Structures are given as C-alpha cells and as structure tokens.
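Below you'll find the structure, written out as structure tokens, and then a few comments.
In my numbering, the protein residues as written are 4 to 290.
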C-alpha cells in the first residue's frame, strides 16, 4: 500500500523577492524528500544556494542594472557599487546570525530584487531580532568612515577618479542603509523599533521621530520637498497598515531587558548618525 503525504507551507511574507525564494526553497525541500524516500539518505545543500550560484546572481544583477546607469564604464561602476552595497548589507545580517549562535547562515541574492539573509534556526529572543535587523546597516556603518578617509587620501594624492569612486561607494552605502532604517515593519528600522519599544504609544512616537529625522536628512541632502512629503505620506500609511502584521513565531520570544533596550536604541542612533553623515558628505562631494 502506498501512502500519500501532502506538504503545505504558508506565511505572511509579501513581495516578489520572497515569492521567488519560497518557490526555490519548497522545490528544494520536495527534491530532498524524494531522494530521502528513494535512498534513505539526506542530501545537504542545493545548487540555488551554492556560493558560486550566488556570486553568479550578483554578477547578473550588476549586468542587468548596467543599462539603467548608461552603457559605459561609469554605468558599470555604479551597477557594481550598488550590487556590492546590497551584498555588504546582507553580509552584516549573516554576521549577526553567527554572533547570536546560529551554526550556519546563508544569503539568497535575487537579481534586481535584492538579497535575503537567513539564519540556521528560528529567533530565540526579541534582542536577537533587533540585533540581527540592525546589523545590516551597522556592519556597513563601520565601512563608511574608512571609505570617507580613503576618498580624502586619494584626493590629496591627486587621484580624482579613485576619490570619486570611493565617495560614490560611501554615498550609496549610506543612502541604501539609511533607507532601510525607515520605521516600517518590512524594513530593518521597523524591526528594531518593534522589539525595543515597550508599548504601542512608545512605538508610534519612536516611529514618528525616526521618520521625521529621515525626511529632514533627505531635505538637507538636497532631495525635493515634494518628493519628501510624498515619501513621508507613503511610509506613514505603510507603517499604519503593517502595525498589526509580522511573522508570528511558533514559540514566544524571550523578552528584552531594559538595559538591552537602551543598548539597541543607542546603537540605532549611532548607525543613523554615521550613515546620515556619510550621505551628507557624499552629496557635498559629488553634487
């Protein structure tokens, strides 16, 4: 007699990137189950998540972006810089997973849609969620001062091209990472605030202050007031829409301590300040 096993997997993720990831993840699981049923052995890994495959996807993403910046050396450099910025951001999340005790962590790079860092087990505590979320921008924050100093050194040596490329890399790094601090659940900033704020009122106030600071920074960097007002309205609506959403863990997460709240709040301010300065510095150098 044969036994039919039906597997279903549901979640509340939305977006094309996660849809693509779920498709390949479930297909891999089914194939591994087929191999296990036929041979009785479990086969680790998968070609889609192999490091060489991910490097290939990153190169493909840069090549796809190239025409948008112009089919020349400058356009290729911008495409490569943007792809590198995304990879460094996800590398920060991966480093955070390992620091919090995950035995393995991996990155899924999807061309044009960004990257996804995945840990080796479910989250254990609210502090871990906040730490992993912030380390995406936090890891890159260590690089921004180095890039600024290197750009200044290259400029003082008369290497204008090198100085410009380093300034562009610093600016793109800061802009991408500070955009990820938007206080919406889908973004790292929203994830951090949800974990460290003790209640809905504190979360609403912190979200308003962070969004206001982001809009003020954008205005100072030279973005148009109309664009900033529209962006602020859109993100405010997204924040209200997603206030009750989120991934519900199977087990209750360990609560975050008051000291850890203060540490994460201070780290969030420090990361914001570094990337904010990097964005303003780069705009002054390049515009």
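Don't be surprised by glycine CBs; every beta carbon is placed ideally from N, CA and C. Since the structure is predicted, the reported quantities are computational estimates derived from the model, not experimental observations.
Contact between residue 179 and residue 88 is confirmed by a C-beta separation of about 5 angstroms, below the 8 angstroms threshold. By the Cβ neighbour-count rule, residue 171 is buried, with 16 or more other Cβ atoms within 10 Å of its own. Contact fails between the segment 182-196 and the segment 152-165, because fewer than three Cβ pairs, one in each stretch, are under 8 angstroms apart. For residue 97, the enclosing alpha helix (DSSP H) stretches over residues 76-102.
In this structure residue 231 does not touch residue 186 by the C-beta definition: roughly 15 angstroms separates them, more than the 8 angstroms allowed.
Look at residue 179 here: in three-state DSSP terms it is helix. Collapsing the DSSP output to three states places residue 266 in a helix. Burial state of residue 77 is exposed, judged by a 10 Å Cβ sphere holding fewer than 16 other Cβ atoms. Inter-residue distance for residue 162 and residue 288 is about 14 angstroms (C-alpha atoms, whole angstroms). Of the residues 98, 181, 121 and 136, the one whose Cα lies closest to the Cα of residue 280 is 181. Annotation for residue 113: no alpha helix (DSSP H) segment contains it, though the beta strand (DSSP E) segment containing it runs 109-113. Taking a contact to require three or more Cβ pairs closer than 8 angstroms, the segment 95-108 and the segment 233-241 do not qualify as touching.
A check of alpha carbon separations from residue 283 across 257, 273, 264 and 224 identifies 224 as the nearest.
CA-CA distance, residue 8 to residue 41, rounds to 15 angstroms. In the displayed model, residue 119 falls within a strand according to three-state DSSP. Residue 102 counts as exposed, since fewer than 16 other C-beta atoms from the protein chains shown sit within 10 angstroms of its C-beta.
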